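Numbering-wise, my numbering puts 852 at position 106 of the first sequence, and it's gapless, one number per residue.
The C-beta atom is built at its ideal place from N, Cα and C for all residues, glycine as well.
This one's a predicted model, so the numbers in the text were calculated from it and none came from an experiment.
Encoded as structure tokens, the structure appears first; notes follow it.
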Amino acid sequence: MVKSISKDKVYELTRQIPRGMISTYSAIAKAAGNPKAARAVGKFMNVNPKPIIIPCHRVVKANGHVGGFKSGIDKKIRLLESEGIKIINGWIQDFDKHLFTKFKLE
DNA sequence: GCCATGGCTAGTA
DNA sequence: GCCATGGCTAGTA
């Protein structure tokens, strides 16, 4: 039996990512208590109950690619660009510079 | 049995 | 671009 992660915690962590920054599915999985649960995090993003409050568009793949988005990748890219993130061919530019990892655990 | 991942490999320029 | 993995979830018994 492996430690499973809480959906609420995943949303709580995602909410901490500030405008102009991004984080990754695996970073959130790790902060939520299971570093290997990246795919589960993606699934939670897919059923995000509060798209405005919870900025799931700021969550991308660990290799710097944008990853998926419920209402279309283009929309995710536009949202990120409107927040100052540069994206070329689906790849986040200056990935390290925008990467947010300082999640607060309560 | 699915998948909004991740990481490794092959194959081109 | 492929496949192994982890964690859901729908749908049957």
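| Check | Outcome |
| --- | --- |
| Suppose you measure from the CA of Asp842 to the CA of His803; what does that come to, to the nearest Å? | 17 Å |
| How close, in whole Å, do the beta carbons of Ser769 and Phe846 come, if the pair is a contact with beta carbons under 8 Å? | 5 Å |
| Should Leu826 be labelled buried (16 or more other beta-carbon atoms within 10 Å of its own) or exposed? | buried |
| Over what stretch of residues does the alpha helix (DSSP H) that includes Met928 continue unbroken? | The question about residue 928 has no answer here: the residues shown for the chain are numbered 747 through 852. |
| Does DSSP put Leu845 in a helix, a strand or coil? | strand |
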